[in-house]
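Q:
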Amino acid sequence: MAISPAAVAPGDVLLEVDNLRTYFDTVSGTVRSVDGVSYQVRAGRTLGVVGESGCGKSVTALSILRLIPTPPGRYAGGQIRYRGTDLLGLTEKQMRQIRGNRISMIFQEPMTSLNPVLTVGRQIAETVMLHQKLGRREAYRRAEEMLRLVQIAEPERRVHEYPYQLSGGMRQRVMIALALACNPEVLIADEPTTALDVTIQAQIVDLLRSLQRDLGMGIVLITHDLGVVAECCDRVAVMYAGRKVEEAPVTELFDRPLHPYTRALMASMPSMNTSTQRLAEIPGMVPAPSELGKGCSFAPRCAYATERCRAEAPELMEHGSDHVVACHEAARVAAQPAPQAAASATPGAALTGVQA
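UniProt numbering puts the last residue of the sequence shown at 356; the count rises by one with no breaks.
1. Should His-160 and Gly-135 be called a contact, given that it needs their Cβ atoms to be closer than 8 Å?
2. Contact between the region 64-76 and the region 43-55 is defined here as three or more beta-carbon pairs at a separation below 8 Å; is this criterion met?
3. Identify which residue in Ser-268, Met-266, Arg-173 and Ala-330 has its Cα closest to the Cα of Cys-296.
4. Do Val-250 and residue 385 count as a contact pair if the criterion is CB distance below 8 Å?
5. I'd like to know whether the C-beta atoms of Val-17 and Thr-60 end up nearer to each other than 8 Å.
6. Apart from the five residues on each side of it in sequence, which residues of its chain come closer than 7 Å, Cβ to Cβ, to Leu-88?
7. Per DSSP, Tyr-162 forms a beta bridge with which residues?
8. Hey, out of Lys-133, Leu-178 and Gly-168, whose CA is closest to Leu-147's CA?
9. Measure from the alpha carbon of Glu-291 to the alpha carbon of each residue in Gly-100, Arg-32, Tyr-240 and Arg-102, then state which is nearest.
10. With a threshold of 8 Å on Cβ separation, who are the neighbours of Thr-127 within its own chain once the five nearest residues in sequence on each side are excluded?
11. Can you name, in chain order, every residue of its own chain whose Cβ lies under 7 Å from the Cβ of Gln-123, other than the five neighbours on each side?
12. Helix or strand or just coil, what does DSSP make of Ala-349?
13. What does the alpha-carbon distance come out to for the pair Pro-72 and Ala-288?
14. Tell me, to the nearest whole angstrom, how far the beta carbon of Glu-246 is from that of Val-238; I am working on the premise that it is less than 8 Å.
15. What is the DSSP secondary structure of Gln-40, reduced to helix, strand or coil?
16. What does DSSP give as the partner residue(s) for Thr-22 in the beta ladder?
17. If you draw a straight line from the alpha carbon of Ser-53 to that of Ala-241, how long is it in whole angstroms?
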């Protein structure tokens, strides 16, 4: 059975995250893990979401699929619209028809995301039987086809194997096959190259790009690797401490980063041109979500910070065509040349100067 492309035109808006706020109520107070994040996902396009660990990238993705445990989590505001329907207003039964079917996700750790006591074929087949209402034999045929689609050799044999029998790269390909089994229109890939060596990373990146061209889906690529972003994405949203601080087309962002945090990420990225230079580091630590003050959350680590930054949180403002940034000093930042490493970004160039 052939996998048919999504029935949308390239560039159509499939998913809109609008001023999303996801909070967690703890004994120490309210943690604002996602605090007013907005972005769009378009058919045939890839949106990169980048930032350090703990910035809210994955919580935003889990919120889209309504996978946040409530309590302690809660959706404190905003909307998540899929083809115009607010997912936060759906019942759980209605959400199950979308989750894993129309919107799917590749989870961050394939070594633990797959069920170790079920064959990979059964895990894919069960997803297909749930959403596509196929019989067992047809579902296993689809599972075999999906393994072939993600370029796993001998899929007729691999479909009967368990996760422990597969390499890390093959397990990641199985995760991709599982996510694509029902032909989703939106694919959320949460750190899809984590724990893989650089050669396998490049193969997974190439595979995602190839599948997107063939199937026409929109992709949200969550990563901390700006090299992968430069290779794969059409647009980039940069997150810090639960907020989106900058968004622009990928070429524009690398040519003209306007937020000091974006510049710091680029400066800390290894480059072929900086092999004899010490990598720049971002001083300090990401603030805990429960300890955010009233000013800019990046101000304590920022070389451009002023008293206004420490007292007043900046709002997202347009700076040129299709480029938004939340920074009081964006004009001063724009006057500086882009970090040299940004021009030579390549897949696998990890942000080694970032505190995780």
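Glycine included, C-beta positions come from ideal geometry on N, C-alpha and C.
A: Walking through what the data contain:
1. no
2. no
3. Ala-330
4. The structure shown does not extend to residue 385, since the chain spans only 1 to 356, so no value can be given for it.
5. yes
6. Tyr-75, Gln-79 and Ile-80
7. Per DSSP, none; premise fails for Tyr-162.
8. Leu-178
9. Arg-32
10. Gly-100, Leu-178, Ala-181 and Cys-182
11. Leu-114, Asn-115 and Leu-178
12. The pLDDT assigned to Ala-349 is 44, lower than 50, so where the model puts this residue is not dependable; a value taken from the coordinates is nonetheless given after this. Correct three-state label for Ala-349: coil.
13. 17 Å
14. 4 Å
15. strand
16. Val-34 and Tyr-75
17. 9 Å
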